[in-house]
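In what follows, a single structure is set out as structure tokens and then discussed.
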Amino acid sequence: MILNFTKMHGCGNDYIYVDGFKEKIENPRETAVSLSKRHFSVGSDGLIMICPSETADAKMKMYNADGSEGKMCGNGVRCVAKFVYDNGICKKNPLRIETLSGIKTVQLLITGEKVTGASVDMGAPVFSPSQIPVASDEPVIGREMYVGGELRYITCVSMGNPHCVIFVPDDFDLWNFEIEKIGPKIENDTLFPEKVNVEFVKKINDSLFEMRVWERGSGETYACGTGACATVAAACMNKLCSKNTDVTVKLKGGELTVRYGENSIIMTGETVTAYYGRVEI
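For the sequence shown, this note's numbering begins at 87 and goes up steadily by one.
This is the structure:
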């Protein structure tokens, strides 16, 4: 079977996007695993299906590189909105995209006839342990805990998926430490019954943070939209920055702008179509 796809990314957080209005995939989990292998197939952080929705303009179905289904992807939902608009599925602005974490409203940034970026209302961060989930009787905000075999200060938050944010000291070599050794230990720690995304974050100033991310099911990625939102939410809770201000999160693949308002987080960034392709599955 020949599958038509579009390769898209936000700050290097790349997925294989498939038009579920036209294409059918019998085993999306297996397809995500086989197509995501870099050097052996298309290569990506996962597979995203763009499907019809009964309650919104389109529905996003997301599968990580290991085949597990994800509830939310901030960069992914912005790229889905771009695909929907650019391909004439729905010429509205803003667009409403259905996800497993609810319907997200995406405001498109349009240059000429194409979408070049987008802002998405990610909703309110959740710090309740049972809803993240994290094995704790009280919110984990800047708490000293053993995780991944070491004592760390962590903040746990959900942005529709679970995150463990770790703020590192100024002298920490953020861009060169071996995240592939530390990330999996924290991702799979028993503290997190559904595993966890891990953000290692360095504060540069009140409006600029640098971040590397280890995503559950995918490993290190060049960017993570929900992770950037979790980082700013955690920074506000730890009094490292303020609400209602634009904060830049610098990632391996680019920058995202995050604003933590009174009731929700707005994330803004680029949306890029890399190429169109056909692959046998």
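Every residue gets a Cβ at the ideal spot worked out from N, C-alpha and C, and that includes glycine.
Proximity of residue i and residue j at Cβ, strictly below 7 angstroms
i	j	result
E306	I268	no
G38	T357	Residue 38 lies beyond the stretch modelled for the chain, which goes from 87 to 367, so this question has no answer here.
T191	M146	no
G347	N330	yes
M353	M148	no
G234	I272	yes
F253	V287	yes
A144	V128	no
A360	K168	no
D105	I136	yes
F91	G363	yes
L89	V365	yes
A309	L326	no
N179	L194	yes
Y101	G132	yes
G339	G160	no
Bridge partners - residue i, DSSP secondary structure assignment
i	result
H125	According to DSSP, which records beta bridges pairwise, H125 is partnered with nothing at all.
M148	I134, G156
T331	None, per the DSSP bridge assignment.
I91	Strictly speaking, residue 91 in this sequence is Phe, with Ile absent from that position. For F91, which the question treats as bridged, DSSP gives the partners G363.
W300	V284, E306
R369	Nothing can be reported for residue 369, as the shown portion of the chain is limited to 87 through 367.
L337	G340
K190	I183
E356	G203
T317	In DSSP, T317 forms no bridge with anything.
I351	Y346
L195	G203
I102	K93, L133
Cα-Cα separation, residue i to residue j
i	j	result
T317	V251	6 angstroms
M87	F107	17 angstroms
V220	R298	21 angstroms
M158	I290	28 angstroms
I111	T117	8 angstroms
S216	D259	33 angstroms
N349	V166	24 angstroms
R345	A320	12 angstroms
P279	V119	23 angstroms
I218	N150	19 angstroms
C322	I227	10 angstroms
L181	D257	43 angstroms
G156	N99	14 angstroms
L342	V335	5 angstroms
T276	T141	36 angstroms
S214	E224	7 angstroms
S130	R164	17 angstroms
H249	V243	5 angstroms
G246	G198	33 angstroms
E230	P255	14 angstroms
L294	V333	6 angstroms
G153	P114	8 angstroms
For residue i, three-class secondary structure by DSSP
i	result
N291	strand
V119	helix
P248	strand
G96	strand
E273	helix
V254	coil
T141	coil
V166	helix
D259	coil
D223	coil
I175	coil
Cutoff 7 angstroms: residue i Cβ touching any chain D Cβ
i	result
C165	The chain labelled as chain D is not found in the depicted structure, where only one protein chain is given.
Distance cut-off 6 angstroms: residue i Cβ against heavy atoms of the ligand GTP
i	result
P180	Among the components of this structure there are no ligands whatsoever, and the ligand GTP is therefore not found.
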